[in-house]
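Worksheet: the structure to be examined is printed underneath.
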Amino acid sequence: MSYVLSGIAIVICAGIGATAAWVIVSSIGWDGMGGAVATTVVAMVLATLLFAGGVVLGKALGLLR
Numbered sequence: 010m011s012y013v014l015s016g017i018a019i020v021i022c023a024g025i026g027a028t029a030a031w032v033i034v035s036s037i038g039w040d041g042m043g044g045a046v047a048t049t050v051v052a053m054v055l056a057t058l059l060f061a062g063g064v065v066l067g068k069a070l071g072l073l074r
């Protein structure tokens, strides 16, 4: 995978992770500094899992070397 495609994939995964984290933390009712920290941590974990899952799926389907 080229660096450009990796960068695009990272940005997409970060956006999805941040949006999902915001929904999760907001539904719990956390706000302020604690909510911001929780959102950041959840977003990073989700984005990493999405990217890693995409790489594994791409390799399993033979799309990536």
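Here the sequence shown stands for residues 10 to 74, numbered as in our numbering.
From the three backbone atoms N, C-alpha and C, an ideal C-beta is built for every residue, glycine too.
For residue i and residue j, which I take to be in contact (beta-carbon distance under 8 Å), what is that distance rounded to the nearest angstrom?
i      : j      : result
Gly-63 : Ala-18 : 6 Å
Leu-59 : Ile-25 : 6 Å
Helix, strand or coil for residue i, going by three-state DSSP, please let me know.
i      : result
Trp-31 : helix
Gly-63 : helix
Gly-43 : helix
Leu-73 : coil
Gly-38 : coil
Between the alpha carbons of residue i and residue j, how many angstroms are there, rounded?
i      : j      : result
Ala-56 : Cys-22 : 5 Å
Ala-30 : Gly-44 : 10 Å
Leu-2  : Thr-49 : The structure shown does not extend to residue 2, since the chain spans only 10 to 74, so no value can be given for it.
Trp-39 : Arg-74 : 42 Å
Gly-16 : Val-51 : 20 Å
*Contact the segment 58-74 vs the segment 33-45: 3+ CB pairs below 8 Å*: no
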